[in-house]
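Peer 1: Once you've had a glance at the structure underneath, I'll fire off some questions.
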Amino acid sequence: MITKEELNLFYKEKLESQLDELEKHRKLLRNARAVGIGGGVAFAINLIVFLAVTFIFQHISFLHMNIFMVFFILGSTCFGISHFFGLIGTRGLQKNYKDKVVTPLVKIIDDTWIYKPKSKITQNQYTKSLLYSHSVDHYEGDDLIEGVIEHTDFKCSELHTQYITGSGDKRTLNTIFKGLFFHADFNKHFSGVTFVRSKGLSLPLNNDLEVVRLENELFTKLFYVRSTDQIEARYILTPTIMEAFVNLYNYYQKPIDVSFVGTRVYCAVSFTEDLFEPPIYKSMYDMETIEKVCSLLYFNKVVIHELNLNTRIWTKVPGEPV
0 MITKEELNLF YKEKLESQLD ELEKHRKLLR NARAVGIGGG VAFAINLIVF LAVTFIFQHI
60 SFLHMNIFMV FFILGSTCFG ISHFFGLIGT RGLQKNYKDK VVTPLVKIID DTWIYKPKSK
120 ITQNQYTKSL LYSHSVDHYE GDDLIEGVIE HTDFKCSELH TQYITGSGDK RTLNTIFKGL
180 FFHADFNKHF SGVTFVRSKG LSLPLNNDLE VVRLENELFT KLFYVRSTDQ IEARYILTPT
240 IMEAFVNLYN YYQKPIDVSF VGTRVYCAVS FTEDLFEPPI YKSMYDMETI EKVCSLLYFN
300 KVVIHELNLN TRIWTKVPGE PV
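Quick note on numbering: numbering that gives the first Met the number 0 labels position 271 of the sequence shown as 270, and the sequence is numbered without any gaps.
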């Protein structure tokens, strides 16, 4: 990973000059949201007073009605205008932020990577991972990064998958997965399927699959493993790979779900927040935010290096499916 000193130098020489316009945009958007919130609060207070007066006196005077209407119109107008311009402003800020901040950070990590802010991992690849069996009603994502790290091809993007319960007014969207979703070539075709999940944090695995009991005490404390093939699972989960999973968990401190399917390894790290979006209530010059974005972008190298995918441990036998 690039050092903090290298990132600071890059920030000073390349990024800082790009942030002035973004900071002005951010402040305008923050102020627009404040006006909208203020208008909403004014309307709510006016409504409460109006209802209280009506309840106490059992009638409302013409003067009170006019006052209520004035506050109603002002409050709803402020809220509506700020909401409208807030939406437009947010989209513009997001695009500029990804062009001027995220893209250069991707390139400083690896200038051969391709970054597509509006693209995502395909739903077909998400489904192929077999990590989440629930049917998907809403499939959203962005910030696709694809590339090759020492002969290992990968793709990674932010994803948010949801399913619907209820109907009509009681219709609710429920999250299946939200976070970073990654898949890469494992350079070996597996006849079975093996899953690794964080204990107590992830969705339960299919109980029909065999539990794989491994000797690494720290690994088994953090993860549980199920597979269709005990021998193959142990072949995959070498002491080095198990140690890598522990390192990944310690690095992100987030639920991690991994599957080995076909010739690919799929890795999903859950986050509650949006990951590559511009800050609204923090300064654009905040170095901590820049460091966080850089750390997330470095996710691909962390996974590939930790799992030793770049060392090409296994070689596909000629004729094995890809």
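Just so it is clear, CB atoms sit at the ideal spot from N, CA and C, and this is done for glycine as well.
1. Give me, in chain order, the residues of the same chain whose beta-carbon lies closer than 8 Å to that of residue 172; leave out the 5 immediate sequence neighbours on both sides.
2. Provide the residue span of the beta strand (DSSP E) that contains residue 161, from first to last.
3. What residue from 195, 102, 159 has the CA that sits closest to residue 213's CA?
4. Out of 174, 98, 18, 17, point me to the one whose CA is closest to residue 114's CA.
5. Compute the beta-carbon to beta-carbon distance between residue 175 and residue 131, rounded to the nearest angstrom, for a pair I have assumed lies under 8 Å.
6. Can you give me the C-alpha to C-alpha distance between residue 26 and residue 16, rounded to a whole angstrom?
7. If residue 289 sits next to residue 29, beta carbons under 8 Å apart, how far is it from one beta carbon to the other, in whole angstroms?
8. Output the residue ranges of the alpha helix (DSSP H) runs that lie fully inside the stretch 183–241 and measure 4 residues or longer, sorted by chain position.
9. According to DSSP, simplified to helix, strand and coil, what is residue 170?
10. Looking at residue 179 and residue 104, is the spacing between their C-beta atoms short of 8 Å?
11. Distance check for residue 151 and residue 5, CA to CA, integer angstroms please.
12. Does DSSP put residue 304 in a helix, in a strand, or in coil?
13. So, for residue 316: in the same chain, excluding its five sequence neighbours on each side, which residues have a beta-carbon less than 7 Å away from its beta-carbon?
14. Between residue 318 and the rest of its own chain, which residues show a CB-CB distance below 7 Å, the 5 nearest in sequence each way excluded?
15. Using the Cα positions of residue 268 and residue 116, report the straight-line distance between them to the nearest angstrom.
16. Report all residues from its chain with a CB closer than 7 Å to the CB of residue 93; omit the five preceding and five following residues, and keep chain order.
17. Pick from 302, 145, 21, 108: whose alpha carbon is nearest that of residue 2?
18. Ignoring anything shorter than 3 residues or poking outside the stretch 258–308, list the beta strand (DSSP E) runs there in chain order.
19. Could you tell me whether the stretch 290–301 touches the stretch 226–243, using the rule of 3 or more Cβ pairs below 8 Å?
20. Check each candidate in 101, 13, 8, 32 and name the one with the smallest Cα separation from residue 295.
21. Inspect the beta-carbon positions of residue 225 and residue 210 and report whether they are closer than 8 Å.
22. Put residue 109 into one of helix, strand or coil per three-state DSSP.
23. Using only CA atoms, which one of 14, 128, 33, 282 lies nearest to residue 262?
24. How would you write the range of the beta strand (DSSP E) that residue 125 sits in, first residue to last?
Peer 2: So, to answer that:
1. 136, 137, 161, 162, 163
2. Counting along the chain, the beta strand (DSSP E) containing residue 161 begins and ends at 151–164.
3. 195
4. 98
5. Going by Cβ atoms, the distance from residue 175 to residue 131 rounds to 5 Å, so yes, they are a contact pair.
6. 17 Å
7. 19 Å between Cβ atoms; not a contact.
8. Qualifying alpha helix (DSSP H) stretches, in chain order: 216–221, 229–235.
9. Three-state DSSP puts residue 170 in coil, outside helix and strand.
10. no
11. 26 Å
12. helix
13. Residue placement at residue 316 is poorly supported in this model, since its pLDDT is 42, which falls under 50; the coordinates still yield a value, given next. Answer for residue 316: no residue qualifies.
14. Its pLDDT being 43, under 50, residue 318 is placed unreliably by the model, and the measurement read from it follows with that caveat. In its chain, beyond the 5 residues on either side, no residue has a beta carbon closer than 7 Å to the beta carbon of residue 318.
15. Residue 268 and residue 116: Cα-Cα distance of roughly 19 Å.
16. 276, 277
17. 108
18. 263–269
19. The stretch 226–243 and the stretch 290–301 do not touch, with fewer than three beta-carbon pairs separated by less than 8 Å.
20. Among 101, 13, 8, 32, the Cα nearest to that of residue 295 is on 101.
21. yes
22. coil
23. 128
24. Counting along the chain, residue 125 falls outside any beta strand (DSSP E), though it belongs to the alpha helix (DSSP H) covering 122–127.
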